[in-house]
Amino acid sequence: MKLSFRWYGEDDPISLEYIRQIPGMKHIVTAVYDVKPGEVWPRESLARLKEQCEENGLKFDVVESIPVHEDIKLGRGDLDRLLENYCENIRRCAEVGVKCVTYNFMPVFDWTRTQLDRKGADGSTSLVMYWDQMKGLDPLKDDIHLPGWDSSYTQQEVRELLTAYGELGEAGLWRNLERFLKKVIPVAEECGVVMAIHPDDPPYPIFGLPRIITCEENLDRMLALVDSPANSLCLCTGSLGCAASNDVAAMVRKYSAMGRIGFMHMRNVQILEDGSFEERAHLSSCGSLDMFEITRALVETGFDGYVRPDHGRMIWGESGKPGYGLYDRALGAAYLNGLFEACEKFAK
Ligand code: DNO
41 MKLSFRWYGE DDPISLEYIR QIPGMKHIVT AVYDVKPGEV WPRESLARLK EQCEENGLKF
101 DVVESIPVHE DIKLGRGDLD RLLENYCENI RRCAEVGVKC VTYNFMPVFD WTRTQLDRKG
161 ADGSTSLVMY WDQMKGLDPL KDDIHLPGWD SSYTQQEVRE LLTAYGELGE AGLWRNLERF
221 LKKVIPVAEE CGVVMAIHPD DPPYPIFGLP RIITCEENLD RMLALVDSPA NSLCLCTGSL
281 GCAASNDVAA MVRKYSAMGR IGFMHMRNVQ ILEDGSFEER AHLSSCGSLD MFEITRALVE
341 TGFDGYVRPD HGRMIWGESG KPGYGLYDRA LGAAYLNGLF EACEKFAK
């Protein structure tokens, strides 16, 4: 496996100088953040990212994300131009050595949480989604900001998008995903890039919006739309793991054996009795997921793709981007290093 770390570019309070000191850390996951979805990324920005990583002995080979414009997901507007721009971005990423591009097909909002700094028993804080808090939230009325959400929409635009997705429904979203993949995957194949779709987080409908990248049946369907290794998964254990019906270790084993996991996001969550969930420290004993079984599934199926420790808690007084502090993600990396080393040695 190739151990990687997400870096938000020059504005990230966590520097590449720090990231490189995490044992075993070799790869950087980043993106061009100052270009609107649907537009083409300047070559100079990509070249600069590559250069900055290399100056620190790191490799920029994973992009997270090239955002998919809402019109592509909705199948409306200037689709030809938007799809062509998307393909052009894949080509430009490949030019600087990118091997894997992450994206998602979630309507309007990326990951959804109700609180970003919930204090745990040990005093650390983490992201949670509590149904009792969720029920009170109305995206049509409340101004909701979460990290990863595109906050550039006005409330009126959000309202309009919610209505459009309501009309589109799941069947329409599947059709638009298929159109997207049929256009984009051949380009990715040509330039040696693996496209890795991130599951919906959490993997069930939110605010009545259709969600399709949620469970084994739907992942099978998604992979079959274009049967190519370039059409693969960013298997996020914490996202799929918020639904107790998903057997994450079994899914990892299956899709890794098929060669269809390009990228692993590894973190733990605790599912609560009413289906709410809390992000927890990476250890198996801290949450609902068996991180050892997940790692073993990867090792036994010969996984050689990218892995990153996902969301950490805020610990030791650190403040910053919720989920993306240094300390707990670094602890997560150390834990993953240990799991992989042990599993690899046992497999021999
Ligand atoms: C959250 C991330 C997601 C992910 C996107 C990929 O921390 O895992 O925001 O980057 O869904 O497009």
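So in the numbering used here the end of the sequence shown lands on 388, straight run, no missing numbers.
Note that beta-carbon positions come from the ideal geometry of N, C-alpha and C, so glycine has one too.
Name the residue from the options whose alpha carbon lies nearest to the alpha carbon of residue i.
i: residue 151; options: 242, 236, 210 and 87; result: 242
i: residue 360; options: 207, 41, 53 and 49; result: 53
i: residue 145; options: 233, 252, 89 and 84; result: 252
i: residue 108; options: 122, 100 and 101; result: 122
i: residue 362; options: 167, 385 and 246; result: 167
i: residue 292; options: 314, 239 and 249; result: 239
i: residue 62; options: 349, 266, 336 and 179; result: 349
i: residue 373; options: 339, 333, 329 and 323; result: 323
i: residue 55; options: 89, 74 and 83; result: 89
i: residue 132; options: 182, 140, 94 and 81; result: 81
i: residue 300; options: 101, 329 and 268; result: 268
What distance in whole Å lies between the Cβ atoms of residue j and residue i, which are believed to be in contact at a cut-off of 8 Å?
i: residue 303; j: residue 346; result: 5 Å
i: residue 165; j: residue 353; result: 6 Å
i: residue 86; j: residue 59; result: Not a contact, Cβ separation roughly 19 Å.
i: residue 306; j: residue 277; result: 5 Å
i: residue 271; j: residue 221; result: 6 Å
i: residue 134; j: residue 274; result: Their Cβ separation, rounded to whole angstroms, is 17 Å, which puts residue 134 and residue 274 out of contact at 8 Å.
i: residue 125; j: residue 163; result: Not a contact, Cβ separation roughly 46 Å.
i: residue 250; j: residue 213; result: 5 Å
i: residue 338; j: residue 41; result: 7 Å
Along the beta strand (DSSP E) that carries residue i, what are the first and last residues, could you check?
i: residue 140; result: 140 to 144
i: residue 391; result: Past the boundaries of the shown model lies residue 391; the chain is included only from 41 to 388, so the question cannot be answered.
i: residue 79; result: That residue, residue 79, is in no beta strand (DSSP E); it is neither H nor E in DSSP.
i: residue 104; result: 99 to 104
i: residue 42; result: 42 to 46
i: residue 69; result: 67 to 70
Can you name the start and end residues of the alpha helix (DSSP H) that residue i belongs to?
i: residue 83; result: 83 to 95
i: residue 277; result: 277 to 280
i: residue 131; result: 119 to 135
i: residue 112; result: 110 to 114
Does the beta carbon of residue i come closer than 8 Å to any beta carbon on chain B?
i: residue 63; result: In the displayed structure, chain B is absent; only one protein chain is listed.
Beta strand (DSSP E) runs wholly inside the region 148 to 206, at least 3 long, in chain order: 155 to 159 and 165 to 169
Quick one: which unbroken beta strand (DSSP E) runs of 3-plus residues sit fully inside the region 299 to 369? Chain order, please. 301 to 306, 308 to 311, 317 to 320 and 346 to 349
What are the uninterrupted segments assigned as beta strand (DSSP E) that are 3 or more residues long and contained completely in the region 219 to 294, given in chain order? Qualifying beta strand (DSSP E) stretches, in chain order: 234 to 238 and 271 to 276.
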